[in-house]
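Just so we're aligned, residue 1 is where the sequence shown starts under the working numbering, counting upward by one.
Glycine residues also receive a C-beta, built at the ideal position from the N, C-alpha and C atoms.
Since we're looking at a predicted model, the values are computed, not measured.
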Amino acid sequence: MKTFQAGIFALGTSFHAYLEFDVLGEQDGLALVKTIASLREPRTTVGGVNLVSGFRPELWGKAAPADAPVGVKGFNEDVVGLDGFVMPATQHDAVLWISGGSYDIVFDVAQQIIAVLGALATVAEETTSWPYHHHRDLTGFIDGTENPPLVEVPEVAFIPQGQPGEGGSILLLQKWVHDAAKWKSLAVEGQERVMGRTKADSVEIENKAPNSHVASTDQDTFGDIFRRNMPYGTATNHGTMFVGFSAEQQRLSRMLDSMAGRLTGVRDALTNYTHPLTGAYYFVPAADDLRDMADH
1 MKTFQAGIFA
11 LGTSFHAYLE
21 FDVLGEQDGL
31 ALVKTIASLR
41 EPRTTVGGVN
51 LVSGFRPELW
61 GKAAPADAPV
71 GVKGFNEDVV
81 GLDGFVMPAT
91 QHDAVLWISG
101 GSYDIVFDVA
111 QQIIAVLGAL
121 ATVAEETTSW
131 PYHHHRDLTG
141 FIDGTENPPL
151 VEVPEVAFIP
161 QGQPGEGGSI
171 LLLQKWVHDA
181 AKWKSLAVEG
191 QERVMGRTKA
201 DSVEIENKAP
211 NSHVASTDQD
221 TFGDIFRRNM
231 PYGTATNHGT
241 MFVGFSAEQQ
251 RLSRMLDSMA
261 GRLTGVRDAL
271 TNYTHPLTGA
281 YYFVPAADDL
291 RDMADH
């Protein structure tokens, strides 16, 4: 099987930057794909950081049709759910996820990359993230409890050998802002009902509510994904960067449909306290395919 991008597994990194780019002017985007692929040899890191590169699926399919997954599309339409709830489609052409052990290095590399790509693309969205109490999100709950063991992640997150796009992954990237005051007005028991888990130790609640977050995103129903979520923001404006990898786009799209209430008619209770600002799908090619793109 082709080698996946190693930065996806850079666990324990403390600082993260997500840069989303749009192709500049009337360019076709192929030069942007090639230049991003050339930023570094894919099996190494740049300047002490990890770099993960992804592309709008349609753009990668145009640049490397033989190495593109079948049927994968961008987040091109809003997900419209119950009670006027909307997950907005804010698809861009490329994403670079930079992570490292210190923010100064991440900052420097982000600026260098933006300069290199300046004639080809504009920065459409930029977010910086950092860990909160090791493994909790800004609701105070442990995040990533349902992640598969690392030994099982390759079969969950990466397209299998022999299929177009093998060694690559479909990334769902969303920025969710928290209504912190509304959330903190709930007692712990109320927060646990919303989540479907206990707050202290993340034990799944027996007979949890059908609209709990755990019930709405049950991976036994929709299929396993590998999440690398991170908190972002300031004391007064903050939330969660949802970073989910899957070998199949349908797992991700059906999960969103479920959260919005489009599958069961019951909307995820957590969406009353946190709201999506962005939504994009990116194809994250295998490191081998990035290298081939850079060489040709």
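- When C-alpha distances from L82 are compared across R267, V70, E152, R254, the shortest belongs to R267.
- In terms of CA proximity to A110, T128 leads the group T128, L120, D143.
- Per DSSP, the beta-bridge partners of Y281 are L172.
- DSSP places L290 inside the alpha helix (DSSP H), whose first and last residues are 287 to 295.
- Inter-segment contact for the segment 148 to 156 and the segment 46 to 62 is absent: fewer than three beta-carbon pairs are separated by less than 8 Å.
- In this structure A286 does not touch E155 by the C-beta definition: roughly 15 Å separates them, more than the 8 Å allowed.
- In the three-state scheme derived from DSSP, where H, G and I count as helix and E and B as strand, M241 is classed as strand.
- At least 8 Å separates the beta-carbon of F222 from that of F245.
- Annotation: Y273 is outside any alpha helix (DSSP H) and is labelled neither H nor E by DSSP.
- By the Cβ-count criterion, S185 is exposed, with fewer than 16 other Cβ atoms from all chains shown falling within 10 Å of its own Cβ.
- Look at M1 here: in three-state DSSP terms it is coil, with no helix or strand label.
- In this structure, P164 sits near D67, with a CB-CB distance shorter than 8 Å.
- As the crow flies, the alpha-carbon of T236 is around 26 Å from that of G12.
- Counted as a single uninterrupted DSSP element, the beta strand (DSSP E) harbouring H16 occupies residues 15 to 23.
- Across the structure, S38 and M195 are spaced so that their CA atoms are roughly 42 Å apart.
- Less than 8 Å separates the beta-carbon of D288 from that of K2.
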